Amino acid sequence: MEKKDFETWLENLSASFFTLTDLQKNETLDHLISLSGAVQLRHLSNNLETLLKRDFLKLLPLELSFYLLKWLDPQTLLTCCLVSKQWNKVISACTEVWQTACRSLGWQIDDTVQDTLHWKNVYLKAILRMKQLANHEAFQTASLIGHSARVYALYYKDGLLCTVFSVDYNDELDILVSGSADNTVVLQKCQVKSVMHSPGDYILLSADKYEIKIWPIGREINCKCLKTLYVSDDRSISLQPRLHFDGKYIVCSSALGLYQWDFASYDIL
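10 is the number of the first residue of the sequence shown in this note's numbering; add one for each residue after it.
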C-alpha cells in the first residue's frame, strides 16, 4: 500500500475506532495482537511500559503539579528530585512546599524573597546542620595550651566581652578575652607583624603575675608558646592585670609603673 493510501486508511480506521465502545476497542486490540508477527510483538513489548506508565508530573499543567506536591513531606520531595532532571526542576521551582518545609523547622519566612531555589537551599542547609549536631560534627574545636586551670567568667553581649580582668584593647583589633582560675587573661585574634609571625597572622597573649606569654594562632589543634616576656628574672617585680596591645607595642602595668615591649623584637623599652 502506498504511503498516501495508508495514511488515508489509517485515518478512517482511527475515526471508526473512536466510535466503538470500550469492550469493542478491547476486542479490536486483542484481534490485532493475534494477527501480529514477531516484529510487531517486539515493538509492543518495548513500548508498552512507556505507554502505560506515563510521567504524570511532566504531562500535568504546572499548577496541578504544584498542588500535588503540597501533599508530600519534605523527605519524599527530596527523593522525587532524584527521579529525573524534569522532576527536580518542577519540584525545586515550587516555592510554597519549601517554605512550608522551612516553617516545620521553626524558620521565619520572609515573603519578599521570591527566588525559587532560595527556600530549598535554606531547608537543605538546615537539615545538614541538624545532622551535624546529632553526630557532634557541627563545630570545630581547638585546644590552646596556656591556661593551667579551668576557664570561667567569660560573658558576651552587644559586642562587649567581660572576664575576670579588665583589659584594655584597641577598637581596631578583633579580640576575644577569656579569664581562668590560674589568674591569666587571654586576648585572641590580634592581627600583628613580628619577627616570629608572618604579616596577617593571629596571635594570642596571656598574662599572669610575673609573665606575658605569646602563642601563634594557626590551623593546628595545639599551639605551642613562642615567647615569654617578663620584667625581672628573679620575679621580684609582679605584673598587674592591665594588658594593652596596639599592634606595635605590648604594655603592661606593674607595682613600679608601666613596662613596654617592642612587638617586632620583643625587647623591653
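Where is the CB? At the ideal position from N, CA and C, for every residue including glycine.
All of these numbers come straight from a predicted model, not from anything done at the bench.
Outcome for residue i when other beta-carbon atoms lying within 10 angstroms are tallied against a minimum of 16
i    : result
K129 : buried
L196 : The pLDDT assigned to L196 is 45, lower than 50, so where the model puts this residue is not dependable; a value taken from the coordinates is nonetheless given after this. L196 comes out buried.
W107 : buried
Y132 : buried
I221 : buried
K198 : The predicted model places K198 with a pLDDT of 44, which falls under 50 and marks its position as unreliable; any figure quoted below should be read in that light. The residue in question, K198, is exposed, as its Cβ has fewer than 16 Cβ neighbours within 10 Å.
Under 8 Å between C-beta atoms of residue i and residue j
i    : j    : result
L86  : L78  : yes
L66  : V99  : yes
T125 : A110 : no
E105 : F148 : no
T17  : L29  : no
I246 : A264 : yes
A143 : W116 : no
Residue i: first and last residue of the uninterrupted beta strand (DSSP E) it sits in
i    : result
Q269 : G266 to D271
Y239 : K236 to Y239
Element boundaries [alpha helix (DSSP H), containing residue i]
i    : result
S262 : No alpha helix (DSSP H) holds S262; the beta strand (DSSP E) holding it covers Y258 to S263.
L68  : F65 to L68
N5   : In the structure as shown, the chain starts at 10 and stops at 278, and residue 5 therefore has no counterpart that could be examined.
Q117 : Run containing Q117: none; DSSP gives neither H nor E here.
S45  : No alpha helix (DSSP H) contains S45, which DSSP labels as neither H nor E.
A24  : K12 to F27
V99  : K94 to S101
Chain-order list of residues whose beta-carbon lies under 7 Å from that of residue i (same chain, five-residue window excluded)
i    : result
Y275 : K236 and L238
D271 : Y258 and L278
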